[in-house]
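J.:
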Amino acid sequence: MKNYIGFATAGCIMTMVFFMLVNFITSPSTIWFIYPCFFILFWPISLYFIGKRSTKQFSIFSSIVLLAFLLTENLIHSPDYLWFFYAAFPIISWPILMHLGKNARTLPIALLGSIITIAYYGLLNFISSPDYLWVIYPAFAIIWWPLSIYHANRKSFVAFSFTASILISLFFIIVNIISSPDTIWAVYPIFAVIWWPLSMYFYSYKKKQI
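Residue numbers for the sequence shown follow numbering that gives the first Met the number 0, beginning at 0 and rising by one.
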């Protein structure tokens, strides 16, 4: 593993120097080389933590570095709009889920995580842009976590298709209402989604008849 880390470190330094030279030669007025260099740094760092089999420590270290980088970028380039808080939550969630381990796959943790996520982005929505209810997008995404765990534990795949179809249909209806109430377009994706539970039901029914 030491040889891999040494190679990664040397390759990382060479690549960073290359990007820096290209930046200063082609566009010295815009410092952009720090962005690819920042992510290239994770190559030898990740190998180091993998070699020590300390993935949990890697998640903590990486989260801190990412948060510091994004916060610095936010404060330097757009201090009037703190977009950092939108990205901070999933980054912080990474080491938390890593430390939870198998417990992250349980329904209580999934429900708690979903509630906290919706509450967090709901508060951001209320503070930053109360005129538009964009919290429905992260809420729709995170609800799949407990929903899939619940049905996977019960092995109720047909019921999952019906529940998921209702969730997707409600999502499109709400987006239609808040985004473009004068144009009813939600029926089109809903029509396509309906085929999922219908096909699951008839496949299951026919299978039992054979």
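Glycine is no exception: its CB is placed at the ideal position from the N, C-alpha and C atoms. Quick caveat: nothing in here was measured; it's all calculated off a predicted structure.
(1) Excluding the 5 residues preceding and the 5 following C11 in the sequence, name in chain order all residues of the same chain whose CB lies nearer than 6 Å to its CB.
(2) Put W133 into one of helix, strand or coil per three-state DSSP.
(3) To which residues of the same chain is T105 closer than 8 Å at the C-beta, ignoring the five residues directly before and after it?
(4) Pick helix, strand or coil for A140, following the three-state DSSP scheme.
(5) Which same chain residues end up closer than 8 Å to F48 when comparing Cβ atoms and leaving out the 5 residues on each side of it in sequence?
(6) Can you name, in chain order, every residue of its own chain whose Cβ lies under 7 Å from the Cβ of Y200, other than the five neighbours on each side?
(7) Grab me the residues of L70's own chain with a C-beta within less than 7 Å of its C-beta, minus the 5 sequence neighbours each way, in chain order.
(8) Could you check where the alpha helix (DSSP H) with N124 kicks off and where it finishes?
(9) For a test of the three-state rule: what should DSSP assign to T8, helix, strand or coil?
(10) In chain order, what residues of the same chain lie with their CB nearer than 8 Å to the CB of W184, ignoring the 5 residues before and after it?
(11) Look up W184 in the DSSP assignment and say whether it is helix, strand or coil.
(12) Between the segment 122 to 135 and the segment 97 to 114, are three or more C-beta pairs nearer than 8 Å?
(13) Note down, one range per segment and in chain order, each alpha helix (DSSP H) of at least 4 residues found wholly within the segment 55 to 86.
(14) Under the three-state reduction of DSSP, which class applies to L166: helix, strand or coil?
(15) Can you give me the C-alpha to C-alpha distance between M13 and M97, rounded to a whole angstrom?
(16) Report, in whole angstroms, the separation of the C-beta atoms of P196 and S160, which I expect to be a contact under 8 Å.
T.: According to the data block:
(1) As a working note, residue 11 is residue 12 in the sequence shown. The beta carbon of C11 sits closer than 6 Å to the beta carbons of I39, W42, P43 from its chain, once the five residues preceding and following it are set aside; these are given in chain order.
(2) One-based indexing of the sequence shown puts residue 133 at position 134. Of the three classes helix, strand and coil, the one that applies to W133 here is coil, per DSSP.
(3) Counting from one through the sequence shown, the residue named residue 105 turns up at place 106. These residues qualify, in order along the chain: I148.
(4) Here the question's residue 140 lines up with position 141 in the sequence shown. Under the three-state reduction of DSSP, A140 is assigned to helix.
(5) For this step, residue 48 is matched to residue 49 along the sequence shown. Spatial neighbours of F48 in its own chain (CB-CB distance under 8 Å, excluding positions within 5 residues in sequence) are listed in chain order as T54, Q56, F57, F60.
(6) Taking the first residue of the sequence shown as position 1, residue 200 is located at position 201. Annotation for Y200: V157 place their beta carbon closer than 7 Å to its own, counting only its chain and skipping 5 residues before and after.
(7) Position 71 of the sequence shown, counting from 1, holds the residue named residue 70. Closer than 7 Å at Cβ, skipping near neighbours: F83.
(8) Looking up residue 124 in the sequence shown gives position 125. Bounds of the alpha helix (DSSP H) holding N124 are 106 to 127.
(9) Here residue 8 refers to the residue found at position 9 when the sequence shown is read from its first residue. The three-state secondary structure of T8, taken from DSSP, is helix.
(10) Position 185 of the sequence shown, counted from the start, is the residue given in the question as residue 184. Same-chain partners within the cutoff: N175.
(11) Position 185 of the sequence shown, counting from 1, holds the residue named residue 184. Per DSSP, reduced to three states, the secondary structure at W184 is coil, with no helix or strand assignment.
(12) They do not touch, by the three-pair rule.
(13) Runs of the alpha helix (DSSP H) inside the segment 55 to 86: none found.
(14) If you number the sequence shown from 1, residue 166 lands on position 167. In this structure, L166 counts as helix in the three-state DSSP scheme.
(15) As a working mapping, residue 13 is identified with position 14 in the sequence shown. As a working mapping, residue 97 is identified with position 98 in the sequence shown. Taking the straight line from one Cα to the other gives about 32 Å.
(16) As a position in the sequence shown, residue 196 is number 197, starting the count at 1. As a position in the sequence shown, residue 160 is number 161, starting the count at 1. Sure, about 4 Å apart at Cβ, within 8 Å.
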